[in-house]
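Here the structure comes first, spelled out in structure tokens, and everything after it is commentary.
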Amino acid sequence: MARRILYLLILALTLFFGIKHYEELKLILAVLGRGDWRWLLAAAGVQFLWLVAIAATFQACYKLTGVRERLTRMVPLTTAANFINVVAPSYGAGALAVLLADGHRRGHPAGKVTTAAYLYMIYDYAGFLILLV
């Protein structure tokens with residue numbers, strides 16, 4: 001019952017946001033309508049490949065800690081974790097909460113999931129450091 005109320009609340013907030021920002025949404029749709037569909041499709045494809053790359057990196061970190069998970073399972077999980085990090089910037093703690101909740105539900109040890117998440121963060125920051133230098 002609580003989950004249904006939460007979904008209804010999310011739907012109501014989405015509708016409220018859409019109504020409140022209707023003119024801005026019309027402008028966004030107009031800009032997308034004037035765009036070249038090939039570039040829009042290419043951008044969507046690159047975005048999808050980036051999400052798959054994040055999922056593959058998380059999968060490798062999971063594998064390092066002894067947790068086996070399919071890539072098809074990791075793509076929606078890491079997409080949700082990335083979304084939480086964007087919506088509530090918390091230096092990865094929001095993503096860690098998503099990963100831990102999923103790991104608990106699937107029977108993975110919390111320590112291994114946490115270690116895998118921090119390994120990902122270390123690799124992510126190390127890669128960014130290489131770009132800076």
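In the numbering used here, the protein residues as written are 1 to 133. Using N, Cα and C, we set each Cβ at its ideal position, and we do this for glycine too. None of the values given here were measured: they were computed from a predicted structure.
Buried versus exposed call for residue i [16 or more other C-beta atoms within 10 Å across all chains shown]
{"i": "residue 42", "result": "exposed"}
{"i": "residue 135", "result": "In the structure as shown, the chain starts at 1 and stops at 133, and residue 135 therefore has no counterpart that could be examined."}
{"i": "residue 99", "result": "buried"}
{"i": "residue 69", "result": "buried"}
{"i": "residue 33", "result": "exposed"}
Cβ-Cβ distance between residue i and residue j below 9 Å
{"i": "residue 81", "j": "residue 95", "result": "yes"}
{"i": "residue 60", "j": "residue 78", "result": "no"}
{"i": "residue 65", "j": "residue 126", "result": "no"}
{"i": "residue 51", "j": "residue 75", "result": "yes"}
{"i": "residue 134", "j": "residue 62", "result": "The displayed coordinates of the chain run from 1 to 133. Any statement about residue 134 would go beyond what the structure contains."}
{"i": "residue 18", "j": "residue 27", "result": "no"}
Length of the line joining the Cα atoms of residue i and residue j
{"i": "residue 8", "j": "residue 49", "result": "32 Å"}
{"i": "residue 83", "j": "residue 121", "result": "16 Å"}
{"i": "residue 58", "j": "residue 40", "result": "27 Å"}
{"i": "residue 2", "j": "residue 47", "result": "34 Å"}
{"i": "residue 103", "j": "residue 67", "result": "10 Å"}
{"i": "residue 36", "j": "residue 13", "result": "32 Å"}
{"i": "residue 97", "j": "residue 44", "result": "27 Å"}
Backbone secondary structure at residue i - three-state DSSP
{"i": "residue 38", "result": "helix"}
{"i": "residue 73", "result": "helix"}
{"i": "residue 133", "result": "coil"}
{"i": "residue 107", "result": "coil"}
{"i": "residue 65", "result": "coil"}
{"i": "residue 118", "result": "helix"}
{"i": "residue 144", "result": "Any property of residue 144 remains undetermined from this structure, which presents the chain solely from 1 to 133."}
Residue i at chain C interface by Cβ criterion, 9 Å
{"i": "residue 4", "result": "Checking the listed chains, one finds no chain C in this structure; it contains a single protein chain."}
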